[in-house]
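Enquirer:
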Amino acid sequence: MSPAARQAVVAASADRWTRIQQAAGTLAALGTLAVIVFTWLSIQQVDNEHALTREGQVTDRYNAAVGNIGEDSLEVRLGGIYALQRIMEDSARDQPSVINVLSTYIRNHAKKPKPGTNTPENPTSDIQAALTALGSRNPSHDSTAHIDLDGADLDDTDVNGTDLRGPDLGGVSLRGADLDGAALDDADLDGADLRDADLDNAALRFAALRFADLHGADLRGADLHGADLRGAHLRGADLSFANVRVADLRGVNLDGVNLRGVILDEAGG
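Under the numbering used here, the first residue of the sequence shown is numbered 575, with each subsequent residue one higher.
(1) Among GLU840, ARG769 and ASP646, which has the Cα closest to the Cα of LEU793?
(2) Check the C-beta distance from ALA791 over to ALA771 and give it rounded, since I have them as a contact under 8 Å.
(3) The alpha helix (DSSP H) spanning LEU676 covers which residue range?
(4) Once you ignore the five residues that flank ARG635 on each side, which residues in its own chain have a CB closer than 7 Å to its CB?
(5) Is ASP767 helix, strand or coil when you go by DSSP?
(6) Can you tell me whether LEU838 is buried or exposed, with buried defined as 16 or more other CB within 10 angstroms of its CB?
(7) Check for me: the alpha helix (DSSP H) holding LEU652 runs from which residue to which?
(8) State yes or no: is the C-beta of LEU676 within less than 9 Å of the C-beta of ALA704?
(9) Would you mind giving the Cβ-Cβ distance between PHE785 and GLY810, rounded to the nearest angstrom? I have them listed as a contact below 8 Å.
(10) Considering only DSSP beta bridges, list what HIS807 is partnered with.
(11) Does the distance from the CB of ALA801 to the CB of LEU783 come in under 9 Å?
(12) For THR736, I'd like the list of residues in its chain whose CB is within less than 6 Å of its CB, leaving aside the five on either flank, ordered along the chain.
(13) Kindly identify the DSSP beta-bridge partner or partners of ASN827.
(14) Just verifying my parser: in three-state terms, what is the DSSP assignment at ALA761?
(15) So, with DSSP's three-state summary, where would you put SER714?
(16) Consult DSSP for SER747 and reduce its assignment to one of helix, strand or coil.
(17) Mapping DSSP to helix, strand and coil, what is ASN775?
(18) In the DSSP assignment, the alpha helix (DSSP H) including VAL699 goes from what residue to what residue?
(19) Exposed or buried, what is ASN682 when buried is set at 16 or more other beta-carbons lying within 10 Å of its beta-carbon?
(20) Report the three-state DSSP secondary structure of ASN734 (helix, strand or coil).
(21) Assign ALA602 to one of two classes, buried (16 or more other C-beta atoms within 10 Å of its C-beta) or exposed (fewer than that).
(22) Just to confirm, are ALA719 and LEU743 a CB contact at a threshold of 9 Å?
(23) Quickly, what does DSSP pair ASN817 with across the bridge? List them, please.
(24) May I have the straight-line CA-CA distance separating LEU823 from HIS715, to the nearest angstrom?
(25) Applying the 10 Å Cβ sphere with the 16-neighbour rule, what's the burial state of ILE701?
(26) Use the C-beta contact count for GLN596: other C-beta atoms within 10 angstroms, 16 or more gives buried, fewer gives exposed.
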């Protein structure tokens, strides 16, 4: 074999060896990729299984809690309310349902008493617990749900500093209630009884307070920007340093109202 032929054979052999090495490298890379893909799919499957397990556990907890709040025992009902509060903390998906359940519970168990009937001391511990649960939720998880306590008897309840933005509180009785610093923006409080209520520094921006009874209410520093107070009763109320910018005060008698620091020229109506 001539030197040239021998050199050609050697070159061909080297080229085959190079191709074999490249093929082996490609197979190794594909094998590694396959392992990575398999591992990722396995992790995803485990995560999905865990998520389904968690959802199932939350559903079981929810059903048990709803069952408990229908019991005769106050202690059992309280346990159900606290369980629903915890579910709102753990599951954003279930929060709208919990809001509806707790709102219905309050409306059904805090009805205004009929004249001449004996009523339990206000507020009962279960009603207070349900209000606290609603006020401590994360509003960003509400979705389309809203708090509906229309017509409930919530006298002397304590919801100071809580977030109750946008609720339906039309005709509700909150006499003597502690709403100090509460967020009640966009609330429907038309016709509500707020006599002697503490609304010090409460946020009531664009709230509807038409014909609400605020006799003797403490509204010092309250934010009533854009609120609709047409026909509201404010005799004896303290509105010192309240923000009434763009608020509608048509038909409001301000005699006997503490208006220290209030700029009425900025009010609407």
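Even for Gly, the Cβ is constructed at its ideal location relative to N, Cα and C.
Expert: Concretely, from the data shown:
(1) The count along the sequence shown starts at 1 and reaches residue 793 at position 219. The shortest C-alpha separation from LEU793 is found at ARG769.
(2) Here residue 791 corresponds to residue number 217 of the sequence shown, with the count starting at 1. Here residue 771 corresponds to residue number 197 of the sequence shown, with the count starting at 1. Going by Cβ atoms, the distance from ALA791 to ALA771 rounds to 5 Å, so yes, they are a contact pair.
(3) Locating residue 676 in the sequence shown gives position 102, counting from the first residue. Here the alpha helix (DSSP H) through LEU676 covers 669-683.
(4) Position 61 of the sequence shown, counted from the first residue, corresponds to residue 635. ALA657 and ILE661, listed in sequence order.
(5) For the purposes of this step, residue 767 is taken as residue 193 along the sequence shown, with counting starting at 1. Three-state DSSP puts ASP767 in a strand.
(6) For the purposes of this step, residue 838 is identified with residue 264 of the sequence shown, where counting begins at 1. With fewer than 16 Cβ atoms within 10 Å of its Cβ, LEU838 is classed as exposed.
(7) Taking the sequence shown and counting its residues from 1, one reaches residue 652 at position 78. Where LEU652 is concerned, the enclosing alpha helix (DSSP H) stretches over 648-664.
(8) Here the question's residue 676 lines up with position 102 in the sequence shown. Here the question's residue 704 lines up with position 130 in the sequence shown. Result yes, Cβ atoms of LEU676 and ALA704 sit closer than 9 Å.
(9) Within the sequence shown, numbered from 1, the residue matching residue 785 stands at position 211. Within the sequence shown, numbered from 1, the residue matching residue 810 stands at position 236. Contact flag wrong, Cβ pair sits at about 17 Å.
(10) As a position in the sequence shown, residue 807 is number 233, starting the count at 1. BP columns for HIS807 point to ASP787.
(11) Working through the sequence shown from its first residue, we reach residue 801 at position 227. Working through the sequence shown from its first residue, we reach residue 783 at position 209. Cβ atoms of ALA801 and LEU783: closer than 9 Å.
(12) Within the sequence shown, the letter at position 162 stands for residue 736. Hits under 6 Å: GLY709 and ALA756.
(13) Working through the sequence shown from its first residue, we reach residue 827 at position 253. According to DSSP, which records beta bridges pairwise, ASN827 is partnered with nothing at all.
(14) Numbered from its first residue, the sequence shown carries residue 761 at position 187. Correct three-state label for ALA761: coil.
(15) On the sequence shown, position 140 is the one that residue 714 refers to. If DSSP states are grouped into helix, strand and coil, SER714 belongs with the helices.
(16) The residue labelled residue 747 in the question sits at position 173 within the sequence shown. Three-state DSSP puts SER747 in a strand.
(17) Taking the sequence shown and counting its residues from 1, one reaches residue 775 at position 201. Coil.
(18) Your numbering for residue 699 matches position 125 in the sequence shown. Note that residue 699 is Ser in the sequence shown here, rather than Val. Taken as a continuous stretch (DSSP letters only), the alpha helix (DSSP H) holding SER699 covers 699-709.
(19) Taking the sequence shown and counting its residues from 1, the one referred to as residue 682 is at position 108. That one is exposed.
(20) Indexing the sequence shown from 1 puts residue 734 at position 160. Correct three-state label for ASN734: coil.
(21) Sequence index remark: in the sequence shown, residue 602 carries index 28 (1-based). Under this definition ALA602 is an exposed residue.
(22) Your numbering for residue 719 matches position 145 in the sequence shown. Your numbering for residue 743 matches position 169 in the sequence shown. For ALA719 and LEU743, no; Cβs fall outside 9 Å.
(23) What you label residue 817 is simply residue 243 of the sequence shown in a count that begins at 1. For ASN817, which the question treats as bridged, DSSP gives the partners ASP797.
(24) For the purposes of this step, residue 823 is taken as the residue at position 249 of the sequence shown. For the purposes of this step, residue 715 is taken as the residue at position 141 of the sequence shown. Taking the straight line from one Cα to the other gives about 34 Å.
(25) Indexing the sequence shown from 1 puts residue 701 at position 127. Label assigned to ILE701: buried.
(26) Taking the first residue of the sequence shown as position 1, residue 596 is located at position 22. Exposed.
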